[in-house]
Structures are given as structure tokens and as C-alpha cells.
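Colleague:
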Amino acid sequence: MPDARLRTVMQRILNAADAAGRPAPALLAVSKTQPAEAVAALAAAGHVAFGENYVQEAAAKRAALAARHPALQWHLIGHLQSNKAALAAEVFDWVQSVDRPGVVDALARHRPPARGPLNVLVQVNVEGETGKAGCRPEDLPALVERVAAQPALAFRGLMSIPVPHPDPEQRRPAFRRMRGLFESLAGRHPGVDTLSMGMSDDFAIAIAEGATLVRIGTALFGPRGAGPNPPTERP
Ligand SMILES: *Cc1c(COP(=O)(O)O)cnc(C)c1O
Numbered sequence: 033m034p035d036a037r038l039r040t041v042m043q044r045i046l047n048a049a050d051a052a053g054r055p056a057p058a059l060l061a062v063s064k065t066q067p068a069e070a071v072a073a074l075a076a077a078g079h080v081a082f083g084e085n086y087v088q089e090a091a092a093k094r095a096a097l098a099a100r101h102p103a104l105q106w107h108l109i110g111h112l113q114s115n116k117a118a119l120a121a122e123v124f125d126w127v128q129s130v131d132r133p134g135v136v137d138a139l140a141r142h143r144p145p146a147r148g149p150l151n152v153l154v155q156v157n158v159e160g161e162t163g164k165a166g167c168r169p170e171d172l173p174a175l176v177e178r179v180a181a182q183p184a185l186a187f188r189g190l191m192s193i194p195v196p197h198p199d200p201e202q203r204r205p206a207f208r209r210m211r212g213l214f215e216s217l218a219g220r221h222p223g224v225d226t227l228s229m230g231m232s233d234d235f236a237i238a239i240a241e242g243a244t245l246v247r248i249g250t251a252l253f254g255p256r257g258a259g260p261n262p263p264t265e266r267p
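The sequence shown begins at 33 in the working numbering and counts up one residue at a time.
1) Within this structure, are the beta carbons of S192 and V156 separated by less than 9 Å?
2) Closer than 7 Å is what we want: which residues have a beta carbon that near any heavy atom of ligand 1? List them in chain order.
3) Helix, strand or coil: which one does DSSP assign to A61?
4) What span of residues does the beta strand (DSSP E) with I248 cover, start to end?
5) Which value, in whole angstroms, describes the spacing of the CA atoms of L213 and Q88?
6) Quick one, which of V62, D137, L59 and S216 has its alpha-carbon nearest P169's?
7) Is V130 helix, strand or coil when you go by DSSP?
8) Could you tell me the alpha carbon to alpha carbon distance between G259 and T244, rounded to whole angstroms?
9) Taking the continuous beta strand (DSSP E) assigned at S232, which residues delimit it?
10) Is A61 near F253, with beta carbons less than 9 Å apart?
Printed below as a string of C-alpha cells:
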């Protein structure tokens, strides 16, 4: 029952926001590896925002659903390879995983003008883990200026995936640090309104620390991997 799961997750989000005295964040349904029909079921229940990790997988689902559900919003949350940037600029409404100058320039160059500005979040590797996606905090100001200077892009805020400590409570300092970065940017960039953090097992903590958008897959769709539509791309 997809709409029962959706209602349960939305209620848990509201409860977490209430408990923390925070406004309720938006919900991004993370549909990676799920078949288009699983997206259609949530869309029929009124949900519009979906997150995908792989560009081609998202392009296929968007095409499969365009006639039935033309108003869906597609967000890229997986690492963006430079050679996929042109397709990503066409397919997505948001790219949350912008983390280096080359990707900023490629998305801006390839965004079809008729699609309007592409919403962009800059992904921050807030704990400075080596080899992980996301820009380093010290590189953030220059990257933000580069995004904000592109008329084809709309700079909307920040995204983060903390180190997956087995105890989600240990991710709290990373969420808190993200909020500090986010608030200092929001003061300087009027369009900035989105802090994307929190997944199925830690969204309540992320909400308490200031998330305005949570990205939830497993709690909405069940476990990944055994579905009829396994991923054919790797990040
Ligand atoms: C898969 C994924 C999620 C959703 O994770 P769940 O634990 O299934 O809720 C959120 N954000 C990103 C970047 C992901 O890759």
C-alpha cells in the first residue's frame, strides 16, 4: 500500500518537526532502483518530488511517466559524472549533487532555455572525508559564487550525506555544521531556501538540526535491490 506508507512517513516527519519545534521539511521520495510503476503509485497518491541517483535511470522513468504525470519534479541526488552532465541538465528539475566547477559550467551550458533555470544545491563533504563526493567547506564560497553567476542555474542551497556512523546520533554534529554553513549563505543569497539532509534512519535528527528537505527511500518503498528493475548504471 504505497499511499499508506506515504502517510506514515509524512506523519513521522510531522511528529519529528513538532518534537523539535521546527517547521516540517519537504519530502523527497528517493525512487532509485524502484520501477516506474512504484513512482506512479506515489504520484497517484499526490506526491510530486522524486530523487534518483543515476541519470539514465531517471531519464527512462521520466519518459515513461511524462504523459500520465507531467508535473513530477525530478532531483538528482547521486554523484554526477561530467559525461552525464548534458543529459542531466535536460532531465532534472533539481541537481543536488553539484560539487565541482566543471559540473557547474557543464550544467549551465547544457540547460535547455525552455526548461527555465535548473535548481542547484551544492553538496558539501562537511566532515572532510577524503575520496568522498561533495566539495570541501573551504571551497564552498567560490563554488557558490560560480553557481550564482549562471543565469541558467538557480542556486537554492546545500545538500549533505554524513558519514554513515552506525549510530545515527553520531551524525548530528555534521548536520549542525551544515546548518551553520546554510544560514550564513542564506543571509547573502536571497533565493536560498533548501537544506537537504536526512534519510530513512536519521531524518528526525536532521529535522531537529534544521533540514528543510529530507530524502527518504527505504521507509517509503521498502528495501532496495530485489526489485524487477535493478540499476544498470554505477555512479
Ligand atoms: C539512497 C539515498 C537516500 C535514501 O536513503 P534511504 O536510507 O533509503 O532512505 C538519500 N540520499 C541519497 C543521496 C541516497 O543516495
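Heads up, the beta-carbon is just placed ideally off N, CA and C, and yes, glycines get one too.
Modeller: Walking through what the data contain:
1) Here residue 192 refers to the residue found at position 160 of the sequence shown. Here residue 156 refers to the residue found at position 124 of the sequence shown. For S192 and V156, yes; Cβs fall inside 9 Å.
2) V62, K64, G83, N85, I109, G110, I193, M231, S232, D233, R247, I248, G249, T250, A251 and R256
3) In the sequence shown, residue 61 corresponds to position 29, counting from 1. In the three-state reduction of the DSSP assignment, A61 falls in the strand class.
4) Position 216 of the sequence shown, counting from 1, holds the residue named residue 248. Its beta strand (DSSP E) spans residues L245 to I248.
5) Walking along the sequence shown from the start, residue 213 turns up at place 181. Walking along the sequence shown from the start, residue 88 turns up at place 56. Taking the straight line joining both Cα atoms gives about 32 Å.
6) As a working note, residue 169 is residue 137 in the sequence shown. Of the candidates V62, D137, L59 and S216, the one whose C-alpha sits nearest the C-alpha of P169 is S216.
7) In the sequence shown, the residue the question calls residue 130 occupies position 98. V130 falls in the strand class under three-state DSSP.
8) What you label residue 259 is simply residue 227 of the sequence shown in a count that begins at 1. What you label residue 244 is simply residue 212 of the sequence shown in a count that begins at 1. Low confidence applies here, because G259 scores a pLDDT of 47, under 50, leaving its location unreliable; read the following figure in that light. About 30 Å.
9) Walking along the sequence shown from the start, residue 232 turns up at place 200. Segment: none, S232 is in no beta strand (DSSP E) and carries neither H nor E.
10) Taking the first residue of the sequence shown as position 1, residue 61 is located at position 29. Taking the first residue of the sequence shown as position 1, residue 253 is located at position 221. It is a contact, given that the beta carbons lie within the stated cut-off.
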